[in-house]
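Asks: Protein chains in written order, with the numbering used here: chain A, 2 to 278; chain B, 290 to 707. For every residue, glycine included, the Cβ atom is placed at its ideal position computed from N, Cα and C. A single structure is presented below for examination.
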């Protein structure tokens, strides 16, 4: 064993300003990201009666309630798509996104015992927090597929965009997670703001109503990166209208800006975490 | 021999505001405004100042010093948990740090799951853990409970499992903070043995912080003494321990009296500790020589500013080598309840149990805390005083000065005819 470590020398010195990302180090510590994500998945439904069924229960019941409210009572126009499957296809992606930013945004504070006792690239904490939700997405996705059979939708080639949308959503959620988790170390306001942000954000996203309903508030769906993602996600499954790739590209652009700025901010303040948390 | 750890002019500064606690956005805005208006100086302290040292490959080095001397900060910088303000450290090889037992343990996960989680967090690869899994389980002695969530473990089992994982790390440099103070004696011995084995057999460098001076002198070859953030001595462990113990009490002729310096202690809104001293039956404060023919009281004087039921005072006795002998608590008799003591100056006194001590040197220390909230004076603080004990009246005609053991309690022997 000593042979492989002979040349290995670590130099610790004061750090100032922005520190670049050390990819080889991230790779070296990849096991930590893995065990943290596995821990989150395992812990999530421990000591629950319904277990992983919770991944389905949440979006399903939200869909039922919204169906009663917006379909039966107010008749939201859904471009010819039955309301239940319309809203469920939106809620499915939304649930992944909202869960990921909540988990990720609180992840550093929740791991304060690790941060003050052990060294590893801190960035793995908010990043690994956005992985656990993918399993929930897959479980809840099975219900969407069942609904597609029920409403007699077939699969088209557009289905290949599902992983693409999911990947961009992951980038966006991770970017927001990086921002919020790092801010949360310094300002505990974030913990209180997060649930509120998630709630408002859902109502300005085309989760339970179509973007076309926004009318003169259409700018909202342009600045909100989730709009393009939810719309393409829906069309990738239901393909009733030509998908809006321009909206998707715009969303992806915003997601990348948030991701890289989040990365920059995180790396700037990372060195203070252990002293401030 | 090469140095495994090369420390050069290392300094670490903390802003006092950072220590105080976290802030909200509103406070930051307020501070920005304030700074611009008043241009006030920011208060800071140097937790470490210009520390340089070399630790050779395969050396076991003990770091000693009082609370607040900078020991933990030094370990945290070497472990890369926090960065230095000035200076550099050069490390050769893989570093694993054990600053807490069971870092990353998740209460909902089973023992088996936590072994993997904790092992990876401490820096093992999953394959390594798999290879050593049986060994770890064996060392911890928890086979039957492997699939039980650790939240159902007893604290002893928890510590054993946590230490077992850590003991099977194989880094080139192992950094261990005061973690051995938990767990039963039997297990502590096992852990110390394991650490010794790591250093002697595998030639690994170990850096070790402890308040247990006998553990330091037994385990370490090398000692480093820190005081107020500065390295004041470095040499063999035995010499370092000696200098530390001498320095803590300055000298034996000093009166057994400690007056709290005029500085900030935690929870000053609850209590201000003023003085801690020993007095004899005539009311005089003795110098560091106590006799079993005399009666003494240990006395604490303080200003109580709030009636707070969490307030705790202990007096702890140590042997000369720093082994904790016993602790007496102001609550022991159940008669004192600080939630019912109205604010104002108070005096607590407790007899010094002279019938317990042998012809040896001891140390006495005042420890104080808010229960489950935080330390006011944690163990190893500056109130520590040393005294030499003399059994000047002894009914035992064969009494000798070199009796074994730390204490020599006089117990009632009876003889009767069968």
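1. Spell out the partners DSSP gives residue 587 of chain B in its beta bridges.
2. Ignore the nearest five residues each way along the sequence and tell me which others in residue 240 of chain A's own chain have a CB closer than 6 angstroms to its CB.
3. From the beta carbon of residue 487 of chain B, is the nearest beta carbon of chain C less than 8 angstroms away?
4. Starting from residue 644 of chain B and walking both ways along the beta strand (DSSP E), at which residues does that stretch end?
5. Please report how far the alpha carbon of residue 337 of chain B lies from the alpha carbon of residue 300 of chain B, in whole angstroms.
6. Tell me the rounded alpha-carbon separation between residue 663 of chain B and residue 695 of chain B.
7. Curious, which full-length alpha helix (DSSP H) runs of at least 4 residues does the segment 140-227 of chain A contain?
8. Classify residue 674 of chain B as helix, strand or coil using the three-state DSSP reduction.
9. Tell me where the beta strand (DSSP E) around residue 119 of chain A begins and ends.
10. So, helix, strand or coil for residue 361 of chain B, using DSSP?
11. Write down every uninterrupted run of the alpha helix (DSSP H) in the segment 509-541 of chain B whose length is 4 residues or greater and which is fully enclosed by it, in chain order.
12. Which residues, taken in chain order from the segment 167-185 of chain A, show a beta carbon closer than 8 angstroms to some beta carbon of chain B?
13. May I have the straight-line CA-CA distance separating residue 193 of chain A from residue 205 of chain A, to the nearest angstrom?
14. Could you pull out every residue in the same chain whose Cβ sits closer than 7 angstroms to the Cβ of residue 593 of chain B, ignoring the five residues on either side in sequence?
15. Under three-state DSSP, which class holds residue 479 of chain B?
16. On the three-pair Cβ rule with 8 angstroms, is the segment 505-513 of chain B touching the segment 346-360 of chain B?
17. So is residue 211 of chain A buried or exposed if we call it buried at 16+ other beta carbons inside 10 Å?
18. Report the rounded CA-to-CA distance for residue 34 of chain A versus residue 233 of chain A, giving the unit in angstroms.
19. Cβ of residue 404 of chain B less than 8 angstroms from any chain A Cβ?
20. Classify residue 105 of chain A: buried if its beta carbon has 16 or more other beta carbons within 10 angstroms, exposed otherwise.
21. So, is the C-beta of residue 383 of chain B closer than 8 angstroms to a C-beta in chain A?
22. Report yes if the C-beta distance between residue 255 of chain A and residue 226 of chain A is below 8 angstroms; otherwise report no.
23. Classify residue 621 of chain B: buried if its beta carbon has 16 or more other beta carbons within 10 angstroms, exposed otherwise.
24. Which residues does DSSP list as the beta-bridge partners of residue 651 of chain B?
25. When every heavy atom of the ligand MG is checked, does at least one fall within less than 7 angstroms of the C-beta of residue 492 of chain B?
26. Hey, out of B/372, B/494, B/476, whose CA is closest to residue 384 of chain B's CA?
27. On the DSSP bridge list, what partners appear for residue 294 of chain B?
28. Enumerate in chain order the residues of its own chain whose CB-to-CB distance from residue 309 of chain B is below 6 angstroms, with the five nearest sequence positions on each side excluded.
29. With the cut-off set at 8 angstroms, would you say residue 697 of chain B and residue 615 of chain B are in Cβ contact?
30. Tell me where the beta strand (DSSP E) around residue 250 of chain A begins and ends.
31. Would you identify the three-state DSSP class for residue 38 of chain A, choosing helix, strand or coil?
32. Kindly confirm or deny that the segment 161-178 of chain A and the segment 76-85 of chain A touch, where touching means at least three C-beta pairs closer than 8 angstroms.
33. Under a three-way DSSP split, which group does residue 333 of chain B fall into?
34. Can you pull out the residues from the segment 106-129 of chain A whose beta carbon lies closer than 7 angstroms to at least one beta carbon of chain B?
35. Helix or strand or just coil, what does DSSP make of residue 302 of chain B?
36. Nearest to residue 485 of chain B by alpha carbon, out of B/466, B/475, B/501, B/510?
Replies: So, from the listed chains and residues:
1. The residue you call residue 587 of chain B lines up with position 298 of the second chain. For residue 587 of chain B, which the question treats as bridged, DSSP gives the partners B/567, B/639.
2. Taking the first residue of the first chain as 1, we reach residue 240 of chain A at position 239. These residues qualify, in order along the chain: 157, 159.
3. Given the protein chain composition of this structure (A and B), no chain C is represented.
4. Numbered from its first residue, the second chain carries residue 644 of chain B at position 355. No beta strand (DSSP E) contains residue 644 of chain B, which DSSP labels as neither H nor E.
5. As a working note, residue 337 of chain B is residue 48 in the second chain. As a working note, residue 300 of chain B is residue 11 in the second chain. When rounded, the distance between both Cα atoms is 5 angstroms.
6. For the purposes of this step, residue 663 of chain B is taken as residue 374 along the second chain, with counting starting at 1. For the purposes of this step, residue 695 of chain B is taken as residue 406 along the second chain, with counting starting at 1. Whole-angstrom Cα-Cα distance: 30 angstroms.
7. 162-187, 190-204, 220-224
8. Counting from 1 along the second chain, the entry for residue 674 of chain B is found at position 385. Residue state, collapsed to three classes: strand.
9. Here residue 119 of chain A corresponds to residue number 118 of the first chain, with the count starting at 1. Premise fails: residue 119 of chain A is in no beta strand (DSSP E) and is neither H nor E.
10. Taking the second chain and counting its residues from 1, the one referred to as residue 361 of chain B is at position 72. It is helical.
11. 526-538
12. none
13. For the purposes of this step, residue 193 of chain A is taken as the residue at position 192 of the first chain. For the purposes of this step, residue 205 of chain A is taken as the residue at position 204 of the first chain. Cα-Cα distance, rounded: 20 angstroms.
14. Position 304 of the second chain, counted from the start, is the residue given in the question as residue 593 of chain B. Only 560, 630, 632, 633, 635 meet the Cβ criterion.
15. On the second chain, residue 479 of chain B is found 190 positions in, with the first residue counted as 1. The answer is helix: DSSP assigns residue 479 of chain B an H, G or I state.
16. yes
17. Within the first chain, numbered from 1, the residue matching residue 211 of chain A stands at position 210. Result: buried.
18. For the purposes of this step, residue 34 of chain A is identified with residue 33 of the first chain, where counting begins at 1. For the purposes of this step, residue 233 of chain A is identified with residue 232 of the first chain, where counting begins at 1. Roughly 30 angstroms separates the two Cα atoms.
19. On the second chain, position 115 is the one that residue 404 of chain B refers to. It does not: the Cβ of residue 404 of chain B has no partner Cβ on chain A nearer than 8 angstroms.
20. Position 104 of the first chain holds residue 105 of chain A. Residue 105 of chain A should be labelled buried.
21. For this step, residue 383 of chain B is matched to residue 94 along the second chain. Judged by the 8 angstroms Cβ criterion, residue 383 of chain B is in contact with chain A.
22. Here residue 255 of chain A refers to the residue found at position 254 when the first chain is read from its first residue. Here residue 226 of chain A refers to the residue found at position 225 when the first chain is read from its first residue. In this structure, residue 226 of chain A lies closer than 8 angstroms to residue 255 of chain A by Cβ.
23. As a working mapping, residue 621 of chain B is identified with position 332 in the second chain. Exposed, because fewer than 16 other Cβ atoms sit within 10 Å of the Cβ of residue 621 of chain B.
24. Your numbering for residue 651 of chain B matches position 362 in the second chain. DSSP, once it has assigned bridges, lists B/608, B/676 as partnering residue 651 of chain B.
25. For the ligand MG, the structure offers nothing, since it holds no ligand at all.
26. For the purposes of this step, residue 384 of chain B is identified with residue 95 of the second chain, where counting begins at 1. Checking every option, the nearest Cα to that of residue 384 of chain B belongs to B/494.
27. Indexing the second chain from 1 puts residue 294 of chain B at position 5. Per DSSP, B/344, B/380.
28. Locating residue 309 of chain B in the second chain gives position 20, where the first residue counts as 1. Caution is warranted here: a pLDDT of 46 is assigned to residue 309 of chain B, below 50, making its placement in the model unreliable, and the coordinate value is therefore given only provisionally. Counting only Cβ-Cβ distances below 6 angstroms, and skipping sequence neighbours, we find nothing.
29. Stepping through the second chain from its first residue, residue 697 of chain B is reached at position 408. Stepping through the second chain from its first residue, residue 615 of chain B is reached at position 326. Cβ distance not < 8 angstroms, so residue 697 of chain B and residue 615 of chain B don't count as in contact.
30. Taking the first chain and counting its residues from 1, the one referred to as residue 250 of chain A is at position 249. That residue, residue 250 of chain A, is in no beta strand (DSSP E); its alpha helix (DSSP H) goes 246-270.
31. Counting from 1 along the first chain, the entry for residue 38 of chain A is found at position 37. DSSP places residue 38 of chain A in helix when its eight states are reduced to three.
32. no
33. What you label residue 333 of chain B is simply residue 44 of the second chain in a count that begins at 1. Residue state, collapsed to three classes: strand.
34. 114, 115, 117, 118, 119, 120
35. For the purposes of this step, residue 302 of chain B is identified with residue 13 of the second chain, where counting begins at 1. In this structure, residue 302 of chain B counts as strand in the three-state DSSP scheme.
36. The residue given as residue 485 of chain B occupies position 196 in the second chain. Measuring from the Cα of residue 485 of chain B, the nearest candidate turns out to be B/510.
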